[in-house]
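Residue numbers (my numbering), protein chains in the order written: chain E, 1 to 114; chain Y, 1001 to 1115.
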């Protein structure tokens, strides 16, 4: 078990669909993150939550909507996506928001928008 | 602003060869530096880290030294194995304002090791 579990592993959706990505961490961490990993581009930080409060929204389009009901769970709600949103979406957690606090990643959800 | 630049890949080596993956950074303040590794079909895993100048991070035979004078954090391994084939990411933690603690990643370097 990785400590950070993401579901589903793969998702194919049309541009008019609504779907959600789920992330759960079993590490007792206080900070959770969503990253987007696209081919040939650096990882893009999308959202950061610290103690369930959103501390960063990195200019992400409103068709991506995060939700953090508690420190262990993080969701990414998707609606009216575009084909260029196809990517690997990675969830991560860390003990705290600190310069020395490493991230623990899940295995990601491979999203394809058709 | 903060940025991380890694050497262009892919890097292809034979088993037991010496590995170097270059990483340089631009940052304000005194960031911590990290190397993460991503195996096929998986998320990123922390490989090693260094939190201040001249620190050496090491793990699984990999090493990297935090060089403030050259703003570098190059990854090295003396003898690679086929199982080291993966994508390697250099990263730094931001130190300013509301971005404190968040990571900036390089673009990743693909390593393939042949038997």
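Built from N, CA and C at the ideal position, the CB exists for glycine as well.
Margin query: Suppose you measure from the CA of residue 105 of chain E to the CA of residue 1069 of chain Y; what does that come to, to the nearest Å?
Written below: Using only the alpha carbons, I get a separation of about 31 angstroms.
Check: Does the distance from the CB of residue 1038 of chain Y to the CB of residue 1091 of chain Y come in under 8 angstroms?
Finding: For residue 1038 of chain Y and residue 1091 of chain Y, no; Cβs fall outside 8 angstroms.
Next item on the list: Would you mind stating whether residue 1050 of chain Y and residue 1033 of chain Y have Cβ atoms separated by less than 8 angstroms?
Entry: Between residue 1050 of chain Y and residue 1033 of chain Y, the C-beta gap is smaller than 8 angstroms, which places the two residues in contact.
Next item on the list: Determine, using beta-carbon pairs with one atom in the segment 17-30 of chain E and one in the segment 85-94 of chain E, whether at least three such pairs fall under 8 angstroms.
Entry: Output reads yes: the segment 85-94 of chain E touches the segment 17-30 of chain E.
Notebook entry, point to check: At which residues does the beta strand (DSSP E) containing residue 32 of chain E begin and terminate?
Noted result: Boundaries of the beta strand (DSSP E) around residue 32 of chain E: 31-37.
Next item on the list: Under 7 angstroms between beta-carbons, which chain Y residues line up against residue 48 of chain E? List them in chain order, please.
Entry: Within chain Y, the residues near residue 48 of chain E are 1102.
Margin query: At the level of alpha carbons, what is the spacing between residue 33 of chain E and residue 80 of chain E?
Written below: Roughly 22 angstroms between the two C-alpha positions.
Notebook entry, point to check: Using a C-beta to C-beta distance shorter than 8 angstroms, which residues of chain E count as neighbours of residue 1046 of chain Y?
Noted result: Near residue 1046 of chain Y (Cβ distances below 8 angstroms), the residues of chain E are 102, 103 and 104.
Next item on the list: Give the DSSP bridge partners of residue 92 of chain E, in chain order.
Entry: Note: residue 92 of chain E sits in a beta bridge opposite E/33 and E/105.
Margin query: Using a Cβ-Cβ distance cut-off of 8 angstroms, determine whether residue 1009 of chain Y contacts chain E.
Written below: No, its Cβ sits nowhere closer than 8 angstroms to a Cβ of chain E.
Check: In this structure, does DSSP put residue 1069 of chain Y in helix, strand or coil?
Finding: Here residue 1069 of chain Y carries a coil assignment [DSSP, helix/strand/coil].
Check: Given that a residue counts as buried once 16 or more other Cβ atoms are within 10 Å of its Cβ, and exposed if not, what is residue 1093 of chain Y?
Finding: Looking at its Cβ environment, which holds 16 or more other Cβ atoms inside 10 Å, residue 1093 of chain Y is buried.
Check: Bridge partners of residue 40 of chain E, per DSSP?
Finding: For residue 40 of chain E, DSSP assigns no beta-bridge partner whatsoever.
Checklist line | Simplified DSSP assignment, three categories, for residue 1011 of chain Y | finding: Of the three classes helix, strand and coil, the one that applies to residue 1011 of chain Y here is strand, per DSSP.
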